[in-house]
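To start, the structure under review is shown below, and the notes come after it.
Numbering (this note's numbering), first residue to last: 181 to 620.
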């Protein structure tokens, strides 16, 4: 399963009877931010025990408790602009979580998310040619139990690869992939990770050359004194390779990710440290089709977590967010190549509230689109910023949902230069999944 990790600041059990959300209104005054001049220090999120990690510390609702804390004061993003009205893909009462979007070469949109129903948490797949009318949900994962994640890629031939995590009754879990061929037929799920009784999470997949795939995830024994390590596996003509450890397990590893470059090489990333607090960002470049040595990117930049990538003209761009005093307040972007990264950019600078869960995409014209979650307490929406070559624009709201808190967005560019965004938004125990199209 995709762990709802303490690195995200998650804690206690969900309250399914949470009160209905209050429509957003007003704007936060002031300018102080945690860790800034004159700002009081914030304690770490409650419930964190640095001596343990693992499944029993998870909040199955996936709702970070920092949303319940006072948000840093400061200016708000501009009103919504550049987007059509959102389309709902997964609706209340339970709704959908962790959506991902991919765009094929033909412009068709592909989306996955997991749906919380009486049978369990079930991964669904939908597609669309225009972003307005979507196909009926198709079940991708096992039809019951906890199926978390998911992630997906669309290959050049139009086939779709979906990755997800499935938990067994004994709380162990494994990573799986399922392939939908170009004719729309689903193959049987195939396991990626060993059947060794461990728990796994944060599984992500990317395609390489031909039918090749790369899968990166974190895993550990169920023993709560053990630490998560990052692993990577490659799929070639002979099947999946033995998972290769990418970290030493001295500290917990969180939020792994992997993405394919246009030249079919790949780059992976993860963060290491104490859950819920400031962590160190590492990237792993592919070298000769294999995993290279991890690079501590925070050593020459800034700490943070949950890396996402985009690529253009031989340039790698990575985005991540940073917890200051245990609270997410800064979103960063950095451009370059492994071993040769440029200055750290901070598109969230000057805006109050919490800033978290960024993702990034670029279109063929070289326009960069960054999206992330923003929460100022009495107002919370997904926001975006564009860079057309003159720096990042002032953040604007993607839409005016006016309920709940945003999280875990995914953005991809389309052949027409537009950007497609999906995300979940809601309160503890209730979420919806939304899609919007942003003009490039």
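The beta carbon of each residue, even a glycine, is placed where N, CA and C say it ideally should be.
Next item on the list: Kindly indicate which three-state DSSP category residue 408 falls into: helix, strand or coil?
Entry: Residue mapping note: residue 408 aligns to position 228 of the chain shown, counting from 1. Three-state DSSP puts residue 408 in coil, outside helix and strand.
- Are the region 275–287 and the region 579–591 in contact at 8 Å, needing three or more beta carbon pairs? yes
Check this for me: beta carbons of residue 483 and residue 499, under 9 Å apart or not?
Sequence index remark: in the chain shown, residue 483 carries index 303 (1-based). Sequence index remark: in the chain shown, residue 499 carries index 319 (1-based). The answer is no: Cβ separation not under 9 Å.
message = Suppose the cutoff is 7 Å on Cβ atoms and the five residues either side in sequence are ignored; what does the same chain contact list for residue 425 look like?
response = For the purposes of this step, residue 425 is taken as the residue at position 245 of the chain shown. 409, 411.
My understanding is that residue 549 touches residue 599, with C-beta atoms under 8 Å, so please give their C-beta distance in whole angstroms. Along the chain shown, one-based indexing puts residue 549 at 369. Along the chain shown, one-based indexing puts residue 599 at 419. Right, the Cβ-Cβ distance comes to about 4 Å (below 8 Å), so this counts as a contact.
message: Does the contact criterion of 3 or more C-beta pairs under 8 Å hold for the region 564–577 versus the region 603–612?
response: no
| request: Decide if residue 431 is buried, meaning its Cβ has at least 16 other Cβ atoms within 10 Å, or exposed. | output: Residue mapping note: residue 431 aligns to position 251 of the chain shown, counting from 1. Under this definition residue 431 is a buried residue.
Contact check, residue 345 vs residue 380 under 8 Å by CB: the rounded distance? Here residue 345 corresponds to residue number 165 of the chain shown, with the count starting at 1. Here residue 380 corresponds to residue number 200 of the chain shown, with the count starting at 1. Right, the Cβ-Cβ distance comes to about 6 Å (below 8 Å), so this counts as a contact.
_Rounded straight-line distance, which links the Cα of residue 255 to that of residue 371_ = Mapped onto the chain shown, residue 371 falls at position 191. Mapped onto the chain shown, residue 255 falls at position 75. Each residue's Cα considered, the two are about 47 Å apart.
Distance cut-off 8 Å: residue 393 Cβ against heavy atoms of the ligand GTP: This structure does not include the ligand GTP; it has no bound ligands of any sort.
Discussion item. From the DSSP secondary-structure annotation, give me the bridge partner or partners of residue 364.
Written reply: Translated into the one-based positions of the chain shown, residue 364 becomes position 184. Residue 364 is not bridged to any residue.
Next item on the list: Look up residue 246 in the DSSP assignment and say whether it is helix, strand or coil.
Entry: In the chain shown, residue 246 corresponds to position 66, counting from 1. DSSP places residue 246 in helix when its eight states are reduced to three.
- Message: For a test of the three-state rule: what should DSSP assign to residue 389, helix, strand or coil?
- Response: Taking the chain shown and counting its residues from 1, the one referred to as residue 389 is at position 209. If DSSP states are grouped into helix, strand and coil, residue 389 belongs with coil.
Exercise. Between the beta-carbon of residue 316 and the beta-carbon of residue 382, is there less than 9 Å?
Worked result: Here residue 316 corresponds to residue number 136 of the chain shown, with the count starting at 1. Here residue 382 corresponds to residue number 202 of the chain shown, with the count starting at 1. Their beta carbons are not under 9 Å apart, which means residue 316 does not touch residue 382 by this criterion.
Nearest to residue 517 by alpha carbon, out of 357, 353, 446, 593? Residue 517 sits at position 337 when you count from the first residue of the chain shown. Answer by Cα proximity: 446.
Original post:
Using the C-alpha atoms, what's the distance from residue 326 back to residue 612?
Top reply: For the purposes of this step, residue 612 is taken as residue 432 along the chain shown, with counting starting at 1. For the purposes of this step, residue 326 is taken as residue 146 along the chain shown, with counting starting at 1. The alpha-carbon atoms of residue 612 and residue 326 are separated by roughly 18 Å.
Worksheet item: Using DSSP with H/G/I as helix, E/B as strand and the rest coil, what is residue 523?
Response: Position 343 of the chain shown holds residue 523. If DSSP states are grouped into helix, strand and coil, residue 523 belongs with the strands.
For residue 524, which residues in the same chain have their Cβ closer than 6 Å to its Cβ, ignoring the five residues on either side in sequence? Here residue 524 refers to the residue found at position 344 of the chain shown. Taken in chain order, the residues that qualify are 481, 482, 512, 514.
Practice prompt. Just grab the DSSP bridge partners of residue 435 for me.
Written response: By 1-based counting over the chain shown, the position of residue 435 is 255. DSSP output for residue 435 lists no bridge partner at all.
On a Cα-Cα basis, can you pick out the residue from 592, 618, 273 that is closest to residue 291? Position 111 of the chain shown, counting from 1, holds the residue named residue 291. Nearest option by C-alpha distance: 592.
- Message: Across the region 347–354 and the region 329–336, are there enough close Cβ pairs to call them in contact, namely three or more that are closer than 8 Å?
- Response: no
* Would you say residue 465 faces chain E, with C-beta separation under 9 Å as the test? -> Looking at the structure shown, chain E is missing, and only one protein chain is on hand.
Practice prompt. Write down every uninterrupted run of the alpha helix (DSSP H) in the region 310–351 whose length is 4 residues or greater and which is fully enclosed by it, in chain order.
Written response: none
Where the beta strand (DSSP E) through residue 515 begins and ends: The count along the chain shown starts at 1 and reaches residue 515 at position 335. It spans 507–517 - the beta strand (DSSP E) in which residue 515 sits, taken as one unbroken run.
TODO: Starting from residue 554, trace the beta strand (DSSP E) both ways and give me its first and last residue.
DONE: By one-based count along the chain shown, residue 554 stands at place 374. Residues 548–555.
Q.
Nearest by alpha-carbon distance to residue 527: which of 496, 537, 574, 368 is it?
A. On the chain shown, position 347 is the one that residue 527 refers to. Residue 574 is the option with its Cα nearest to residue 527.
Residue 497 bridges to which residues according to DSSP? As a working mapping, residue 497 is identified with position 317 in the chain shown. Per DSSP, 490, 515.
Query raised in the report: Sorted by chain position, which residues of the same chain lie with C-beta nearer than 6 Å to residue 342's C-beta, five sequence neighbours on each side aside?
Result: As a working mapping, residue 342 is identified with position 162 in the chain shown. Cβ neighbours of residue 342 beyond the five flanking positions: 292, 320, 330, 332, 358.
Note to self: Using 9 Å as the threshold, is the C-beta distance between residue 273 and residue 610 below it?
What the structure shows: The sequence position of residue 273 within the chain shown is 93, counting from 1. The sequence position of residue 610 within the chain shown is 430, counting from 1. Taking 9 Å as the Cβ cut-off, residue 273 and residue 610 qualify as a contacting pair.
Exercise. Would you check if there are 3 or more beta carbon pairs closer than 8 Å linking the region 529–536 to the region 253–267?
Key: yes
Apart from the five residues just before and just after residue 339, which ones in its own chain have a Cβ nearer than 7 Å to its Cβ? In the chain shown, the residue the question calls residue 339 occupies position 159. Excluding residues within five positions, the ones whose Cβ falls inside 7 Å are 359, 360, 361, 362.
Nearest-angstrom Cα distance between residue 617 and residue 264?
-> Looking up residue 617 in the chain shown gives position 437. Looking up residue 264 in the chain shown gives position 84. Rounded to whole angstroms, residue 617 to residue 264 spans 6 Å at the Cα level.
- Task: Quick one: grab the DSSP three-state call for residue 394.
- Result: On the chain shown, position 214 is the one that residue 394 refers to. Note: residue 394 maps to strand in three-state DSSP.
### Query
So who's on the other strand from residue 458, going by DSSP bridges?
The residue given as residue 458 occupies position 278 in the chain shown. In DSSP, residue 458 forms no bridge with anything.
**OP:** Sort out for me which residues DSSP pairs residue 562 with in a bridge.
**Re:** If you number the chain shown from 1, residue 562 lands on position 382. According to DSSP, residue 562 bridges with 553.
Review point. What is the residue span of the beta strand (DSSP E) that residue 447 lies within?
Key: Along the chain shown, one-based indexing puts residue 447 at 267. Segment 446–452, the beta strand (DSSP E) holding residue 447.
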